[in-house]
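A short write-up of the structure that comes next.
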Amino acid sequence: MYKLSSIKTQFSRKQRGFGALEVMIGLMIGTLVLIGAVVWYQKLSNSSNNGDELENLSSLITSVRHLKTSSGYGANGTNLVPILNNAGGIPDNMGFNAGVPLNAWGGNVTIVSTGLGFTVTYAGLPAENCIFLATKGASSSTMTTRINGGAAITGEVTAAAANTGCNAATNTLAWTAR
-17 MYKLSSIKTQ FSRKQRGFGA LEVMIGLMIG TLVLIGAVVW YQKLSNSSNN GDELENLSSL
43 ITSVRHLKTS SGYGANGTNL VPILNNAGGI PDNMGFNAGV PLNAWGGNVT IVSTGLGFTV
103 TYAGLPAENC IFLATKGASS STMTTRINGG AAITGEVTAA AANTGCNAAT NTLAWTAR
């Protein structure tokens, strides 16, 4: 027979699962990752909006130039948006509110004839996006840019001029071309 003393069963205590400390550390790391993702998403989204709106501006300018006749773009002050809309010249990714195109930040985009030329106006731009579009929007020396109704800048807008001009919470840019 076996003696109880000769049979020794050793039980080792093994931890099963996570302790409170490990769970807390995991939650803190998860929270930090989530906060980082939200911050980076906003930055990437803003950068994407800048690129999209620069493409929209270029597309609008090209589409308006296709409307030009020997006498120009119609009478001074003519709203060119309905004509562009019917001709398929408004980019598909632009929203509309009461027949007015909207930029990525919800501001109105207007396109008006100046007779032999036209003006594209973007309203409601945050300062950061205003600076980007002001410096990248003028495609040639035949264009002028106005920031918040200031003096017309012919051709390229410098970063310093854009920084000085785009000083409001919401800004307006107007590009005039022939």
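Everything in the sequence shown is counted per my numbering, starting at -17 for the first residue and increasing by one.
Backbone N, C-alpha and C define an ideal beta-carbon position, used for all residues, glycine too.
Beta-carbon proximity check, Gly132 vs Ser95, cutoff 8 Å: no
Counting Cβ pairs closer than 8 Å, one from the stretch 99 to 109 and one from the stretch 147 to 158, do we hit at least three? yes
So what does DSSP say about Phe78, is it helix, strand or coil? strand
Contact set for Ser123: own chain, Cβ-Cβ below 7 Å, skip 5 residues either direction: Thr136, Gly137
Taking a contact to mean a Cβ-Cβ separation below 8 Å, would you say Gly81 touches Val63 in this structure? yes
With distances taken from CA atoms, which of Gly99, Asn85, Ala141, Leu66 is nearest Asp34? Asn85
Locate the beta strand (DSSP E) running through Leu115, then write down its first and last residues. From DSSP, Leu115 is part of no beta strand (DSSP E) but of the alpha helix (DSSP H) over 109 to 119.
Mapping DSSP to helix, strand and coil, what is Glu67? Looking at the sequence shown, residue 67 is not Glu but Asn. Reduced to three states, the DSSP call for Asn67 is helix.
Gly71, buried or exposed, once every other Cβ within 10 Å from all chains shown has been counted against 16: buried
Using alpha carbons as the reference points, say which of Leu49, Thr103, Phe0 lies closest to Asn68. Leu49
In the DSSP output, what is Trp157 paired with across the bridge? Val102, Thr127
Classify Val15: buried if its beta carbon has 16 or more other beta carbons within 10 angstroms, exposed otherwise. exposed
Identity of the residue in Asp74, Phe114, Val46, Leu36 nearest Ala142 by Cα: Phe114
Locate the beta strand (DSSP E) running through Thr140, then write down its first and last residues. Counting along the chain, Thr140 falls outside any beta strand (DSSP E), and DSSP gives it neither H nor E.
Which listed residue (Ser52, Tyr104, Met10) has its alpha carbon closest to that of Asn130: Tyr104
Spatial neighbours of Leu36 in its chain, beta-carbon cut-off 6 Å, leaving aside the 5 residues before and after: Lys118
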